[in-house]
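Comments concern the structure below.
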Amino acid sequence: MRFVLAGQPNSGKSTIFNSVAGYRAATANFPGSSISFTFSRALILGHEVEVVDLPGIYSLTSSKEDAGKAEGYLLEGSYDLIINVVDASRLGRSLELTMQLLELERPMIVALNMMDEAKRGGMEVDHEELSRQIGVPVVPTVGRRGLGLKELFRRALQHAHQGEDSFALTLDREVEEAREEVAELLETNGVGNSVPRRFVAEKLLERDAHFEREIYAQHPELKKQVRKVAAVLQKAHGWSADQVISGSRHAVAHCIEEEAVTLERPQIGWREWADRVFLHPWTGGPVMVAILGLLFWVVFRVGQRLEMPLVELTDQLGASLAEKLPPETLLGTLAGGALTGIAGGVAIVLPYLLPFLIGLAILEDSGYLPRMAYILDNFMHRIGLHGKSVLPLILGYGCSVPAIMSARILPSLRDRRITAVLASFIPCSARTIVIFGLVAAYMGPWWALGIYLLNLLIVVLLGNVLARTMEGASPGLILEIPELQLPQMKTLAAKTWLTLKEFITIAWPLLVASSVVLGLLEWANAAATINALLAPLTVFLLGLPVAVGMTLVFGILRKELTLVMLVQALGTTNLSAVMTEGQMLTFTLFVVFYVPCVATVAVMAKELGWRDTAVISAFSVVLALVVGVAGRFGYALFG
1 MRFVLAGQPN SGKSTIFNSV AGYRAATANF PGSSISFTFS RALILGHEVE VVDLPGIYSL
61 TSSKEDAGKA EGYLLEGSYD LIINVVDASR LGRSLELTMQ LLELERPMIV ALNMMDEAKR
121 GGMEVDHEEL SRQIGVPVVP TVGRRGLGLK ELFRRALQHA HQGEDSFALT LDREVEEARE
181 EVAELLETNG VGNSVPRRFV AEKLLERDAH FEREIYAQHP ELKKQVRKVA AVLQKAHGWS
241 ADQVISGSRH AVAHCIEEEA VTLERPQIGW REWADRVFLH PWTGGPVMVA ILGLLFWVVF
301 RVGQRLEMPL VELTDQLGAS LAEKLPPETL LGTLAGGALT GIAGGVAIVL PYLLPFLIGL
361 AILEDSGYLP RMAYILDNFM HRIGLHGKSV LPLILGYGCS VPAIMSARIL PSLRDRRITA
421 VLASFIPCSA RTIVIFGLVA AYMGPWWALG IYLLNLLIVV LLGNVLARTM EGASPGLILE
481 IPELQLPQMK TLAAKTWLTL KEFITIAWPL LVASSVVLGL LEWANAAATI NALLAPLTVF
541 LLGLPVAVGM TLVFGILRKE LTLVMLVQAL GTTNLSAVMT EGQMLTFTLF VVFYVPCVAT
601 VAVMAKELGW RDTAVISAFS VVLALVVGVA GRFGYALFG
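In full-length UniProt numbering, the protein residues as written are 1 to 639.
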């Protein structure tokens, strides 16, 4: 049995999904952040159920530019029941999607979510009256706290077994007549579809891109007939047919809301006061800088405190191992390489990665990210980008892969492509490890902050160049800002573990294996040959130690490898003994800008195509060399 969760952005779909099926999808408070739908099998009340979490959508109408994955799944996917997750605090607007889902005439149940937010806003929602109005079961829930979820899925199982289809609600007379007339045209012309004809008729009147493409290709004569019916509707109301239908649906939704909701005095609390500061033109920017600065400071301090004792411990283990297994022997080389990889993960990567991931999860779960998008919208438009580009760029500080994929939330193809390119240049958590573990640890936090500011400046300049060279303009920002929330420990732990688990299961074994391979290459004197081939770049241009070449090659696999393998290549965890501060700065600048990791390259190829990805990768190497050389000579002159 398969249930599909459908609802508007920020209705709490992914939260309910994660509560039932385990933590499998991101729940960042930003419209449309669940980019690709996720599914998981779960045992619910003794029944094995496949639960599908779709991206948030406002409508079942597809635009010309975006085919609409969620809409396509709802229209043509195989499932037994729709669980429509509705934000109770925004009931009138949320019901407009509910009405469209009812028109699919599939078994459906409504999860009336965020009941606590509705009550705080002065809304008392009668879920039984709402159920009578729309004709399907309605179950009140508070997804974040798990309230009502057991009853929701009990009713869902019961309703799915009964197999009762939903039915469309009636709109105003002119809309119903137009819809009936087009439905008769479809029947007369033998247009068959798995979707109800009345629904298809409505979509054609709304000039839905998907249905127009599918039906008019086979029945071109219908186009003129449908447009004629739409013209009559437009003449009667003075608006286009899609506006008339939307307006009628809007009116019915608010009539239902009036019947089901009793208004009381709203509660004014800390959220409203906080938003007055976060969203104010004068205070919003400084507060944002302060929050990001605090995150930077905490990551540095926590990482530094954790790193020092762990490095001492791993050094002692390494010395003990070298006494028992001399590094000149093959067995000693293998054991030493493995220990270096393990120790690098424990002592160098985790101390900075863990606090950074926790901080990013707090920003996501609290709802602060869309407030950053609001504050930065004017700035983003000045450089030719959309305000929503902020989300992928911020996510890029965690990992470039979801950052590039999340560019799909942008309304235009142009903005998606530009944002995806820029996201690949943002220092991800792996690059952050290099910045903190090398520059911040040995040169001080202000130098590390300077690298971030330089990176931001280059990303802004690059974005401006791309925006000017690519045709089109960014549309204005229409952004739904969710309520501020206190992050829950369970959610923070789950989000942090989700990313940390990827490092432990994928990156860490790769660290160990790469360290062993590097040890073998050094033992066989092959590393010296490779380093010599790379010397014109690493030594002549960048002024780095010759042994650094191999670390940059392995860094293409995962950026964490560069720092761990730098320790192995130079034979010490005390890098200040073998590298000058200028070399540390140059090395870090090059790592921050050169070719993204293999996983990022693969995602870029999927989103942008292999040709563009190859060009971007080649450009990144050139940019990294330019910035690295500038850093080398700049530090020599002014450092």
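Where a beta carbon is used, it is the ideal one built from N, C-alpha and C, also for glycine.
Item	Value
Runs of alpha helix (DSSP H) lying entirely within the segment 556-621, each at least 4 residues, in chain order	560-570, 581-593 and 598-608
Within 8 Å, strictly: CB atoms of residue 136 and residue 113	no
Beta carbon of residue 229 nearer than 8 Å to that of residue 195	no
Residue 383 in three-state terms, based on DSSP	coil
The segment 604-617 in contact with the segment 460-474 per 3-pair CB rule at 8 Å	no
Within the segment 364-448, ranges of the alpha helix (DSSP H) (whole runs, at least 4 residues)	369-382, 390-395, 400-405, 413-423 and 429-434
Residue 271 and residue 484 closer than 8 Å at C-beta	yes
Alpha-carbon to alpha-carbon, residue 48 and residue 67	With a pLDDT of only 44 at residue 67, under the threshold of 50, the placement of this residue in the model should not be trusted; the figure read from the coordinates follows. Near 31 Å, if we compare the C-alpha coordinates of residue 48 and residue 67.
Residue 128 to residue 198 span [Cα, whole Å]	28 Å
Best match in 61, 184, 537 and 543 for proximity to residue 635 [C-alpha to C-alpha]	543
C-beta contact flag for residue 557 and residue 598 at 8 Å	yes
Distance CB(residue 511)-CB(residue 564) smaller than 8 Å	yes
Top-ranked residue by Cα proximity to residue 431, from 555, 233, 491 and 583	555
Spatial distance of residue 575 from residue 276 (CA atoms)	47 Å
Alpha-carbon spacing of residue 312 relative to residue 58, whole angstroms	55 Å
Limits of the unbroken beta strand (DSSP E) element including residue 40	38-44
Range covered by the alpha helix (DSSP H) that runs through residue 540	First-last for residue 540: undefined, no H or E at that position.
Alpha helix (DSSP H) runs contained entirely in the segment 325-360, provided each spans 4 or more residues	330-343
DSSP-derived helix/strand/coil call for residue 174	helix
First through last residue of the alpha helix (DSSP H) which encompasses residue 525	Segment: none, residue 525 is in no alpha helix (DSSP H) and carries neither H nor E.
Rounded separation between residue 526 and residue 538 - CA only	17 Å
Reference residue 144; option with closest CA among 487, 572 and 374	487
Proximity of residue 20 and residue 149 at Cβ, strictly below 8 Å	yes
Own chain partners of residue 232 with C-beta closer than 8 Å, once the 5 adjacent residues on each side are dropped	178
Cβ pair count under 8 Å reaching 3, the segment 325-344 against the segment 277-295	no
Stretch-stretch touch, CB-based, cutoff 8 Å, three pairs: the segment 295-313 with the segment 499-507	no
Segment contact flag, the segment 356-365 with the segment 258-272, C-beta cutoff 8 Å, min 3 pairs	no
Run of the beta strand (DSSP E) containing residue 262, from where it starts to where it stops	261-263
Beta-carbon proximity list for residue 211, same chain, < 7 Å, skipping 5 on both sides	200, 203 and 204
Span separating the alpha-carbon of residue 376 from that of residue 390	7 Å
Backbone CA spacing between residue 608 and residue 417 [nearest angstrom]	7 Å
Cβ shell of residue 624 (< 7 Å), same chain only, five flanking positions each side left out	590, 593 and 594
Sheet register partners of residue 6 (DSSP bridge)	84
Under 8 Å between C-beta atoms of residue 97 and residue 8	yes
As assigned by DSSP and simplified to three states, the class of residue 27	Because residue 27 sits at a pLDDT of 39, beneath the cut-off of 50, its placement in the model cannot be relied upon, and the following sentence gives the value as read from the coordinates. The answer is coil: DSSP assigns residue 27 none of H, G, I, E or B.
Residue 109 - DSSP class collapsed to helix/strand/coil	strand
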